[in-house]
Amino acid sequence: MRLFARVVSVQLRCLLSSVSRQDRGCGVRVLVGLAYGVLAVLLAVYSAFLGMGLEIMGADGTVPVFCVAVGTVAGVAFTLYKASGLLYEAGDYGLMMSWPIPERVQVAARTASLVLANVAMTALVALPMGIAAMVLGASFGAGPTPVKVMALVACVAFASLPGTGVAVLVAAAVTMATARLAHAKAVYTVFMVALALVFMVAYFALVGSSPSISGEGEIQAVAGVLAAAADGICAVWPPAALLRSAWVSPSAAGAVPLALFCVVCVAVGALCLEVVARTYRRTMAALASVSGPRRAARVGAARSAFAALCRKEVGQVFDTTSVVVNDLLGLLLMVVLAGAVAAVGLEGVMGALDIPVSFHGEMGPVMAAAVPWALAFCASMAPVPAVSVSLEGRCSWIMETLPVPVPVLMASKVVPWAVACLGASAVSAVLVAVAGLPWTASALSLVIPCATFWLTANIGLFLDGRRPDFQWTSPAALAKRGLPITVSVVVSMVACIIMAGLVIAGPLLLGWPDGGAAAVSLVVAAVFAAVGSLLFWASCRRPVPRERL
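In structure tokens:
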């Protein structure tokens with residue numbers, strides 16, 4: 158147990174050091190901490206209101222079911238995202254294996270940070286929801302009981318364990334299955350992106366199908382739908398049924414299902430972890446035996462240095478799952494959003510925004526003018542060029558010694574992703590046209606996302622090249638918390654929100670003529686493209702970024 162505690166402390170220190178970089182200013186760290194704190198408070202408040210809503214509708218039995226579902230989904234999603242890099246891409250594998258520590262202890266220690274993160278995410282949702290439901294239920298004569306309190310604590314502590322264990326096992330199986338492929342990491346990345354898309358589509362479908370509540374009859378109907386959903390979750394996931402039985406049962410009768418819930422969750426997580434531990438060395442050996450001569454030959458066979466560098470950039474990014482999931486998913490989200498507009502039409506979009514039907518005729522043209530800016534935000538919120546220089550890492554010396562001009566090197570870090578944005582924007586423009594929006598909205602859905610992406614990508618490239626971070630310990634720190642990516646997100650958000658508000662308010666409040674919003678959007682897109690080009694040439698005029706000693 159002492160060895161396990163020591164290894165866990167080492168892993169947590171590495172995690173904390175990657176989160177709080179030593180070269181990051183105190184002000185930036187305070188702002189990042191405040192941002193995470195605000196998000197946590199908003200999520201907790203939303204969960205508390207959801208718990209009170211369920212209690213008011215008389216669906217008290219659905220509270221523990223949804224808490225377990227949140228813990229399970231959080232465990233599966235976060236673990237699938239992190240498990241491969243944490244278990245099989247760690248740079249200290251040789252050092253850890255040289256220690257007199259069993260493999261089972263090493264695997265358990267590496268997954269301990271995942272378990273703690275999943276417990277924290279579960280607590281952030283389950284505790285406010287459960288406490289709010291119990292406090293409000295006290296006014297209805299169904300106050301908290303000792304078993305309910307223990308059930309809520311057990312849900313926070315153990316609900317995510319089965320999902321975490323199954324996700325670790327799936328990650329190990331996928332890693333083992335793709336170990337012999339030439340692009341094993343790329344295959345795993347595609348798998349993760351597809352899984353993220355499934356979650357997004359399911360979420361949007363759930364939100365889109367949620368009815369509005371305006372009367373007592375509709376409240377009863379929604380309560381019936383929630384009860385049916387809870388029954389379905391319990392049928393698919395037995396731990397949820399056990400916790401619900403403990404929650405709604407009297408104090409004495411609820412102790413047995415509560416104990417069974419704890420035993421099942423711990424047993425499933427421990428069993429999956431044991432399987433991973435027994436195959437850990439075999440999987441690491443398979444990964445270590447993979448060489449990449451065919452990939453090197455293909456890169457060497459490129460027709461020009463620029464083509465070879467572009468291919469290298471694409472391969473490097475797709476071999477880094479965290480960068481793809483955090484910084485490339487926006488392009489896919491743009492296509493998903495355009496597909497949703499095509500599926501429901503402009504009338505459906507205005508209905509989802511609760512715009513009265515009597516105003517649809519007046520609001521239709523202005524909402525059509527705002528759609529391209531919503532797509533632009535998805536495309537430009539986290540551009541890959543904002544991390545492309547720092548992503549070179551310890552191999553940055555190769556970039557410094559390449560016999561190619563700096564403009565060619567910088568272009569190879571922007572052009573592949575600009576082409577990808579162009580393709581995604583073209584697909585989105587076609588979907589917008591299918592939705593029946595005016596041709597100006599379809600054309601702007603191609604121009605505005607590309608111009609906005611070009612601006613934010615070159616802002617990120619300029620900042621990343623000015624002060625690269627080659628000493629990163631985790632690519633996720635670059636993809637989510639780096640200064641270039643943060644500035645790109647802020648610029649994209651502010652610009653798109655301001656422009657969406659302007660094209661809506663202009664015709665309604667300022668009396669713009671027909672086509673005025675489209676003309677303003679086109680001019681702003683041209684300005685974005687020009688500023689992005691100036692920033693690109695500013696990046697090219699500097700020497701090759703190098704590591705600071």
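Throughout the sequence shown, residue numbering follows my numbering, covering 158 to 706 in sequence.
We treat Cβ as the ideally placed atom computed from N, Cα and C, and that holds for glycine.
Notebook entry, point to check: Closest to M278 by CA distance: which of E212, A201 and R435 is it?
Noted result: A201
Checklist line | Cut-off 8 Å between Cβ atoms - residues of its own chain near E470, not counting five sequence neighbours on either side | finding: S545, S569, K570 and P573
Next item on the list: Could you check what DSSP says for G721 in three-state terms: helix, strand or coil?
Entry: It is not possible to answer for residue 721, since the shown part of the chain is limited to 158 through 706.
Note to self: DSSP three-state label for G593, please.
What the structure shows: coil
Margin query: Classify L618: buried if its beta carbon has 16 or more other beta carbons within 10 angstroms, exposed otherwise.
Written below: buried
Checklist line | Reduced DSSP secondary structure (H/G/I, E/B, other) of M556 | finding: helix
Note to self: Less than 8 Å between the beta carbons of V276 and A226, yes or no?
What the structure shows: no
Check: Near A614, what residues of its chain come up, given a Cβ to Cβ distance below 6 Å and the 5 sequence neighbours on each side ignored?
Finding: P540, P542 and V571
Next item on the list: Express the C-alpha separation of I555 and S448 in angstroms, rounding to a whole number.
Entry: Below a pLDDT of 50, predicted positions are generally treated as unreliable, and S448, at 45, falls in that range; the measurement from the model is reported next regardless. Near 19 Å, if we compare the C-alpha coordinates of I555 and S448.
Margin query: Given this structure, state the Cα-to-Cα distance separating K305 from A403, to the nearest angstrom.
Written below: 7 Å
Margin query: Just to confirm, is the Cβ distance from G320 to G194 under 8 Å?
Written below: no
Next item on the list: Count the other C-beta atoms from every protein chain shown that fall within 10 angstroms of the C-beta of V264, then say buried if there are 16 or more, exposed otherwise.
Entry: buried
Note to self: Would T609 and S690 qualify as a contact pair, given that the criterion is a beta-carbon distance under 8 Å?
What the structure shows: no
Notebook entry, point to check: How big is the Cα-Cα spacing for F693 and A330?
Noted result: 42 Å
Checklist line | Given K239 as reference, the closest of T268, A216 and F223 once Cα atoms are compared | finding: T268
Check: Smallest Cα separation from D671: which of P606, V382, A598 and V584?
Finding: A598
Check: Can P522 and S678 be called in contact, C-beta distance under 8 Å?
Finding: no
Checklist line | Reduced DSSP secondary structure (H/G/I, E/B, other) of V648 | finding: helix
Notebook entry, point to check: Do A290 and V220 have their C-beta atoms within less than 8 Å of each other?
Noted result: yes
Next item on the list: Determine the contact status of G218 and A442, defining contact as a CB-CB distance below 8 Å.
Entry: no
Next item on the list: Flag this pair as yes or no: are the beta carbons of M567 and S696 separated by less than 8 Å?
Entry: yes
Note to self: By the DSSP assignment, the alpha helix (DSSP H) with G426 in it spans what residues?
What the structure shows: A412 to R435
Next item on the list: Determine the contact status of L237 and A316, defining contact as a CB-CB distance below 8 Å.
Entry: no
Next item on the list: Would you tell me roughly how many angstroms separate the C-alpha atoms of A675 and A683, rounded to the nearest one?
Entry: 12 Å
Check: Start and end of the alpha helix (DSSP H) containing E470?
Finding: A462 to F475
Check: What distance in whole Å lies between the Cβ atoms of L207 and M286, which are believed to be in contact at a cut-off of 8 Å?
Finding: 6 Å
Checklist line | Backbone secondary structure at V225 - three-state DSSP | finding: helix
Margin query: Can you tell me whether G215 is helix, strand or coil according to DSSP?
Written below: coil
Next item on the list: Answer with buried or exposed for W596, where buried requires no fewer than 16 other C-beta atoms within 10 angstroms of its C-beta.
Entry: exposed
Next item on the list: Just tell me which of V498, R623 and V230 has its CA closest to the CA of S602.
Entry: V498
Item checked: Cutoff 6 Å; reference A586; Cβ partners in own chain excluding five residues on either side -> S599, S602 and L603
Margin query: To the nearest angstrom, how far is the alpha carbon of F627 from that of V651?
Written below: 29 Å
Next item on the list: Pick out whichever of V420, V660 and V292 has its Cα sitting closest to the Cα of V680.
Entry: V660
Next item on the list: Report the three-state DSSP secondary structure of M567 (helix, strand or coil).
Entry: helix
Checklist line | Distance between V282 and A231 (C-alpha atoms, nearest Å) | finding: 10 Å
Notebook entry, point to check: My guess is that T440 and M333 are in contact by the Cβ rule of under 8 Å, so how many angstroms apart are they, rounded?
Noted result: 5 Å
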